[in-house]
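Peer 1: If you read the protein sequences in the order shown, they are chains A and B.
Numbering-wise (the numbering used here), the first sequence opens with residue 1 and increments by one.
Numbering-wise (the numbering used here), the second sequence opens with residue 225 and increments by one.
There are 2 protein chains.
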Amino acid sequence: MSTTTEAENKPAESARRQKTRERLMDAAFEVFSEVGIHAATVEMITERADFTRGAFYSNFDTKEELFLALAERGNNERLALLRGSVANIDLIMPTLVGSTEGKLSATELGPIVASFLEQQGDNRLWLLFQSELRLLAMRDSEVGKLYLEQKNAADKEFGSIISAAFDAVGLTPALNSVELANVLMNTYESALQEAIMRGGNSVQEAAHQLFMQRLLGLIGQLAS
Amino acid sequence: MSTTTEAENKPAESARRQKTRERLMDAAFEVFSEVGIHAATVEMITERADFTRGAFYSNFDTKEELFLALAERGNNERLALLRGSVANIDLIMPTLVGSTEGKLSATELGPIVASFLEQQGDNRLWLLFQSELRLLAMRDSEVGKLYLEQKNAADKEFGSIISAAFDAVGLTPALNSVELANVLMNTYESALQEAIMRGGNSVQEAAHQLFMQRLLGLIGQLAS
DNA sequence: TGTATCGGATACACCGGTGTATCGAAAGTT
DNA sequence: AACTTTCGATACACCGGTGTATCCGATACA
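Now the structure itself:
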């Protein structure tokens with residue numbers, strides 16, 4: 001009766017089913033990112049996953065449900081990544097910083113911050129998806145609540161990482177860590193946006209360039 | 225034959241037609257903002273403007289065309305507003321600052337910055353529309369190019385205003401004005417976003433609170 | 001290996017939105 | 001005031017996407 005019992009007795013959901021769900025979600029993430037929730041059709045999704053619409057309706061009730069499931073999954077992955085890096089932080093930090101002993105100038109902090117913000121797989125698709133989600137969150141208060149919770153968690157996590165990084169480098173940020181995280185995230189997103197719009201082959205690199213340029217200006221000011 | 229001739233002979237476009245175009249655009253702005261480009265139907269728009277679909281197809285070819293026309297109009301209005309304030313800047317500045325003589329602390333700068341960012345009509349609808357446009361701009365390189373041009377112009381305009389404001393208060397920002405404008409815009413938008421998601425009756429005020437709170441932290445760091 | 005169940009494919013009826021072709025009324029012209 | 005033109009309303013044919021009802025093959029289990 002209880003969910004735990006059920007999860008133990010049966011394989012929760014036949015491995016097969018779980019696999020197709022996974023494939024559908026992967027496909028959906030791409031499609032949603034590329035064309036948006038509304039323009040996306042169930043068929044586009046199933047087609048990309050090499051299924052027919054039958055598979056979809058067997059696994060999900062509505063497109064929106066799938067979208068939300070995706071939002072949650074994405075957030076979890078993202079959080080896990082951050083948590084992973086916070087675990088390795090003293091491993092990463094010396095590597096990036098290493099050579100120079102003693103206090104480090106703001107210049108060395110840039111790459112560290114960037115490395116955390118750029119660690120997702122395809123940032124381009126991710127930003128598109130995220131933007132779509134945000135829009136939905138602004139229009140639907142239910143989704144809005146969810147979004148804010150997720151964002152808050154992410155900001156806190158990222159904030160603590162960044163604080164640690166500042167610390168390791170001998171700088172002390174003046175803003176509290178969550179707001180600091182916010183500012184940095186915003187500048188990164190805005191750089192990525194611009195890079196996407198400019199087009200060209202390597203969006204990732206272009207975004208990196210833009211971001212670093214702005215970041216270095218900021219960092220000098222964000223800490224003392 | 226030439227457009228100027230045509231514009232002089234006929235009233236360019238019968239005043240009547242122009243009026244319905246205007247009404248359609250006003251309605252479209254609301255609808256697009258509320259439900260997004262894709263979810264918006266031609267009928268929703270015409271209905272809100274008290275027309276039938278006939279009117280629409282007589283004035284525009286596609287929904288997208290209308291959307292882009294709207295984007296341009298919005299940007300122009302916004303620029304005009306900014307230009308207007310830059311004209312009045314020495315009129316506004318003393319009013320806001322007035323009382324205290326000599327150098328002003330960062331605290332006094334907050335309301336000034338805020339006043340410029342909050343001068344649009346309905347910021348809520350505006351942000352929604354803007355987000356929609358941005359998304360489109362990331363997906364369609366044509367639109368992207370246009371968007372970047374507009375944004376650049378706006379940033380420059382806003383940047384010069386802000387620089388002047390910092391100046392008037394006796395602070396000198398360390399970032400160049402365009403990047404400064406960017407950071408401030410981003411923080412404002414992010415505050416507005418959050419306020420929208422939180423819901424409640426007065427989104428504008430909530431956004432203002434959030435923004436000021438973050439802004440004050442920032443300003444101290446953005447200038448010396 | 002035979003049988004039951006599960007999961008995805010296929011087929012179909014339905015609906016909402018689009019765009020066009022036609023019409024009629026109001027505004028402009030002489 | 002007749003007549004012409006312009007503009008928006010109405011009607012219709014069409015299409016794409018949805019969701020459901022049914023079917024069939026694969027997988028699991030005895």
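Every residue gets a Cβ at the ideal spot worked out from N, C-alpha and C, and that includes glycine.
Residue 219 of chain A and residue 165 of chain A: beta carbons closer than 8 Å?
Peer 2: Taking 8 Å as the Cβ cut-off, residue 219 of chain A and residue 165 of chain A do not qualify as a contacting pair.
Peer 1: Going along the chain, which residues of its own chain have a beta-carbon closer than 8 Å to the beta-carbon of residue 279 of chain B, five neighbours each way excluded?
Peer 2: Once the five neighbours on either side are set aside, the close Cβ partners of residue 279 of chain B are 244, 248, 270, 273.
Peer 1: Rank A/62, A/214, A/179 by C-alpha distance to the C-alpha of residue 156 of chain A and give the top, closest one.
Peer 2: Selected option, being the one with the closest Cα: A/179.
Peer 1: Checking contacts by CB at 8 Å: is residue 440 of chain B closer than that to chain A?
Peer 2: Chain A, which has no Cβ nearer than 8 Å to the Cβ of residue 440 of chain B, makes this no.
Peer 1: Please classify residue 209 of chain A: is it buried, with 16 or more other beta-carbons within 10 angstroms of its beta-carbon, or exposed?
Peer 2: So residue 209 of chain A counts as exposed.
Peer 1: So with Cβ pairs under 8 Å, would you call residue 326 of chain B a contact of chain A?
Peer 2: Since pLDDT at residue 326 of chain B reaches only 46, below the 50 mark, its modelled position is unreliable, and the value read off the structure follows with that caveat. Judged by the 8 Å Cβ criterion, residue 326 of chain B is not in contact with chain A.
Peer 1: Let's see if you can read the secondary structure: which residues bound the alpha helix (DSSP H) around residue 385 of chain B?
Peer 2: Its alpha helix (DSSP H) spans residues 365-393.
Peer 1: What is the residue span of the alpha helix (DSSP H) that residue 179 of chain A lies within?
Peer 2: Per DSSP, residue 179 of chain A belongs to the alpha helix (DSSP H) from 177-198.
Peer 1: Starting from the beta carbon of residue 74 of chain A, find every residue of chain B whose beta carbon is closer than 7 Å, and list them in chain order.
Peer 2: Near residue 74 of chain A there are no residues of chain B at all, since even the closest Cβ is about 17 Å away, more than 7 Å.
Peer 1: Please look up how many angstroms separate the CB atoms of residue 211 of chain A and residue 191 of chain A, rounded, as I've assumed it's under 8 Å.
Peer 2: Correct: roughly 4 Å between the Cβ atoms.
Peer 1: Output, in chain order, the set of chain B residues within a Cβ distance shorter than 7 Å of residue 138 of chain A.
Peer 2: Going along chain B in sequence order, the residues near residue 138 of chain A (Cβ under 7 Å) are 352, 417, 420, 421.
Peer 1: Counting beta carbon pairs with one atom in the stretch 359-373 of chain B and one in the stretch 412-429 of chain B, are three or more of them shorter than 8 Å?
Peer 2: Cβ pair count under 8 Å is below three, so no.
Peer 1: Compute the beta-carbon to beta-carbon distance between residue 175 of chain A and residue 441 of chain B, rounded to the nearest angstrom, for a pair I have assumed lies under 8 Å.
Peer 2: Contact holds; Cβ gap of about 5 Å.
Peer 1: Quick one: what's got a C-beta closer than 6 Å to residue 352 of chain B's C-beta in the same chain, skipping five residues either side?
Peer 2: So the qualifying residues of the chain are 257.
Peer 1: Less than 8 Å between the C-beta atoms of residue 186 of chain A and residue 276 of chain B, yes or no?
Peer 2: Against a cut-off of 8 Å, the Cβ pair of residue 276 of chain B and residue 186 of chain A comes out as no contact.
Peer 1: Alpha carbon to alpha carbon, what distance is there between residue 347 of chain B and residue 334 of chain B?
Peer 2: Approximately 18 Å, taken between the alpha carbons.
Peer 1: Which bits of chain B does residue 38 of chain A rub up against, with CB to CB less than 7 Å?
Peer 2: Correct list: 260, 262, 263.
Peer 1: Let's see if you can read the secondary structure: which residues bound the alpha helix (DSSP H) around residue 18 of chain A?
Peer 2: Start and end: 15-35.
Peer 1: Taking Cβ positions, are residue 37 of chain A and residue 60 of chain A nearer each other than 8 Å?
Peer 2: No, the pair does not count as a contact, with Cβ atoms beyond the cut-off.
Peer 1: Taking the straight line between their C-alpha atoms, what separation do you get for residue 126 of chain A and residue 149 of chain A?
Peer 2: Straight-line Cα distance between these residues: approximately 18 Å.
Peer 1: For residue 121 of chain A, name the three-state secondary structure that DSSP assigns.
Peer 2: It is coil, neither helix nor strand.
Peer 1: Do residue 161 of chain A and residue 42 of chain A have their C-beta atoms within less than 8 Å of each other?
Peer 2: No.
Peer 1: Give the DSSP-derived three-state secondary structure of residue 103 of chain A in the structure shown.
Peer 2: Confidence at residue 103 of chain A is low in this model, with a pLDDT of 47, below 50, so the placement of that residue is unreliable and no value is reported for it.
Peer 1: What residues from the stretch 165-187 of chain A come within 8 Å of chain B, judged by C-beta to C-beta, listed N to C?
Peer 2: If the cut-off is 8 Å between Cβ atoms, the stretch 165-187 of chain A has 174, 175, 176, 179, 182, 183, 186, 187 near chain B.
Peer 1: Using 8 Å as the threshold, is the C-beta distance between residue 383 of chain B and residue 401 of chain B below it?
Peer 2: In this structure, residue 401 of chain B lies closer than 8 Å to residue 383 of chain B by Cβ.
Peer 1: Anything in chain A within Cβ reach of residue 358 of chain B, meaning under 9 Å, just list it in chain order.
Peer 2: Chain A residues near residue 358 of chain B: 131, 193, 197.
Peer 1: What is the residue span of the alpha helix (DSSP H) that residue 299 of chain B lies within?
Peer 2: Counting along the chain, the alpha helix (DSSP H) containing residue 299 of chain B begins and ends at 287-311.
Peer 1: If residue 355 of chain B and residue 131 of chain A are in contact, beta carbons under 8 Å, what's the gap, nearest whole angstrom?
Peer 2: Confirmed, about 7 Å.
Peer 1: Flag this pair as yes or no: are the beta carbons of residue 252 of chain B and residue 306 of chain B separated by less than 8 Å?
Peer 2: No, the pair does not count as a contact, with Cβ atoms beyond the cut-off.
Peer 1: Could you check where the alpha helix (DSSP H) with residue 280 of chain B kicks off and where it finishes?
Peer 2: Taken as a continuous stretch (DSSP letters only), the alpha helix (DSSP H) holding residue 280 of chain B covers 277-283.
Peer 1: Here's the rule I'm using: 16 or more other beta-carbon atoms within 10 Å means buried, otherwise exposed. How should residue 167 of chain A be labelled?
Peer 2: The residue is exposed, with fewer than 16 neighbouring Cβ atoms inside 10 Å.
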